[in-house]
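**Q** Everything in the sequence shown is counted per UniProt numbering, starting at 1 for the first residue and increasing by one.
Each residue gets a CB set at the ideal place from its N, CA and C atoms; glycine is no exception.
No experiment lies behind these values; they were computed from the predicted model shown.
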Amino acid sequence: MKTQGKVASIPYTLERRRTSRLISVRVLGDGTVKVNAPYRVSVAAIERVLVSHQETLRQAISTQKMHLHTYQSGDTFLFGGKRYCLELKQGAKNSIAVIEERLVVTHVGKEAEALVVQHLVKTLYRQSVKARVEPLLSLWAKRLEVVQPPFSVRDSKSRWGSCSAKGRLNFSLRCQILDDRQLSYLVLHEMAHLVHFNHSKEFHALLALHMSPYKEIQASIFALQKESQLHF
1 MKTQGKVASI PYTLERRRTS RLISVRVLGD GTVKVNAPYR VSVAAIERVL VSHQETLRQA
61 ISTQKMHLHT YQSGDTFLFG GKRYCLELKQ GAKNSIAVIE ERLVVTHVGK EAEALVVQHL
121 VKTLYRQSVK ARVEPLLSLW AKRLEVVQPP FSVRDSKSRW GSCSAKGRLN FSLRCQILDD
181 RQLSYLVLHE MAHLVHFNHS KEFHALLALH MSPYKEIQAS IFALQKESQL HF
């Protein structure tokens with residue numbers, strides 16, 4: 001059950017969950033505030049928590065919004081570990097191309113619609129991630145001595161990647177911001193779950209065996225969380 005609220009000039013979305021034991025507050029990538037809370041906790045109690053942390057929340061909201069894309073010429077995107085500049089130009093049909101270190105979007109009409117540009121960028125990211133992940137799956141399947149799993153690329157905003165109980169891997173199209181080493185680690189991480197479906201000592205030992213600086217690489221990926229937001 002989701003409801004909308006506002007306190008101290010901060011809008012928020014409240015979701016009640018039977019599994020929630022405590023009040024949790026998160027500022028999402030688009031700068032919105034999401035609250036999870038048990039059914040037994042009153043709205044007044046929830047809003048007291050928000051008010052008591054309002055300065056921290058405002059700062060987090062401001063920081064997140066700084067990383068939102070405008071989808072106008074001059075906007076920049078991480079693409080394969082490098083920063084690319086968005087260039088818009090009018091043409092006969094909507095398309096996107098990578099030219100040198102530019103993402104060149106051709107749009108129909110005098111003005112480019114932000115949602116159209118966003119769709120083109122996401123499509124490019126999805127295609128690029130699929131092309132980069134496939135050979136890495138083959139590489140790590142051989143090294144881990146496992147069968148190469150099926151995979152998909154989704155518009156996931158909360159996870160870089162995941163491994164299902166049935167052994168299917170999923171990667172976010174946002175993985176395209178990662179450089180080659182970071183993406184290789186991410187594929188290794190998810191494929192290691194085919195050997196150890198947990199985050200046990202054995203799982204981490206397997207990561208260390210095949211990629212000794214994995215903790216350093218993992219930290220560098222976490223540092224890109226805000227940069228990975230492609231939505232408004």
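1) Going by C-alpha to C-alpha distance, which of Lys157, His193, Arg181, Ser184 sits closest to Val146?
2) Give the straight-line distance between the Cα atoms of Glu100 and Gly81, rounded to the nearest whole angstrom.
3) Let me make sure I understand the geometry here. Which of Leu178, Ile10, Asp30 has the alpha-carbon closest to that of Tyr125?
4) DSSP has Phe77 in a bridge; who is on the other side?
5) In chain order, what are the residue ranges of uninterrupted beta strand (DSSP E) at least 3 long that sit wholly in the stretch 51–136?
6) Would you list the one or two residues that DSSP bridges to Thr6?
7) Beta carbon of residue 233, beta carbon of Glu227: below 7 Å?
8) When DSSP builds the beta bridges, which residues end up paired with Asn170?
9) Tell me the rounded alpha-carbon separation between Thr106 and Gln118.
10) When we look at the beta-carbon of Leu115 and count the other beta-carbons within 10 Å, is it buried (16 or more) or exposed?
11) Can you tell me whether Val43 is buried or exposed? The criterion is at least 16 other CB atoms within 10 Å of its CB, across all chains shown.
12) In the DSSP assignment, find the beta strand (DSSP E) that holds Val187 and state where it starts and stops.
13) If we call anything under 7 Å between Cβ atoms a contact, is Ser172 one with Ser156?
14) Given this structure, state the Cα-to-Cα distance separating Thr70 from Asp30, to the nearest angstrom.
15) Helix, strand or coil for Arg18 per DSSP?
16) Where does Arg26 fall in DSSP's three states?
**A** Inspection of the coordinates gives the following:
1) To locate residue 146, count along the sequence shown from 1; it is residue 146. Measuring from the Cα of Val146, the nearest candidate turns out to be His193.
2) Taking the sequence shown and counting its residues from 1, the one referred to as residue 100 is at position 100. Taking the sequence shown and counting its residues from 1, the one referred to as residue 81 is at position 81. For Glu100 and Gly81, the distance between alpha carbons rounds to 14 Å.
3) Numbered from its first residue, the sequence shown carries residue 125 at position 125. Among Leu178, Ile10, Asp30, the Cα nearest to that of Tyr125 belongs to Leu178.
4) Mapped onto the sequence shown, residue 77 falls at position 77. Answer by DSSP bridge pairing, in chain order: Tyr84.
5) 76–79, 82–90, 95–99, 102–107
6) Stepping through the sequence shown from its first residue, residue 6 is reached at position 6. The sequence as given places Lys at residue 6; Thr does not occur at that position. DSSP, once it has assigned bridges, lists Pro11 as partnering Lys6.
7) No statement about residue 233 is possible, as the shown extent of the chain runs from 1 to 232 and does not include it.
8) Against the sequence shown, residue 170 aligns to sequence position 170. Per DSSP, Ser152, Ser162.
9) On the sequence shown, position 106 is the one that residue 106 refers to. On the sequence shown, position 118 is the one that residue 118 refers to. Cα to Cα, Thr106 sits roughly 12 Å from Gln118.
10) For the purposes of this step, residue 115 is taken as residue 115 along the sequence shown, with counting starting at 1. Under this definition Leu115 is an exposed residue.
11) Along the sequence shown, one-based indexing puts residue 43 at 43. When all chains shown are included, Val43 counts as exposed.
12) Taking the first residue of the sequence shown as position 1, residue 187 is located at position 187. Note, Val187: premise wrong, no beta strand (DSSP E); alpha helix (DSSP H) at 180–192.
13) The residue given as residue 172 occupies position 172 in the sequence shown. The residue given as residue 156 occupies position 156 in the sequence shown. Yes. Within cutoff.
14) Position 70 of the sequence shown, counting from 1, holds the residue named residue 70. Position 30 of the sequence shown, counting from 1, holds the residue named residue 30. For Thr70 and Asp30, the distance between alpha carbons rounds to 12 Å.
15) Taking the sequence shown and counting its residues from 1, one reaches residue 18 at position 18. Residue state, collapsed to three classes: coil.
16) Start at 1 with the first residue of the sequence shown, and residue 26 comes out as number 26. Arg26: strand per DSSP, three-state reduction.
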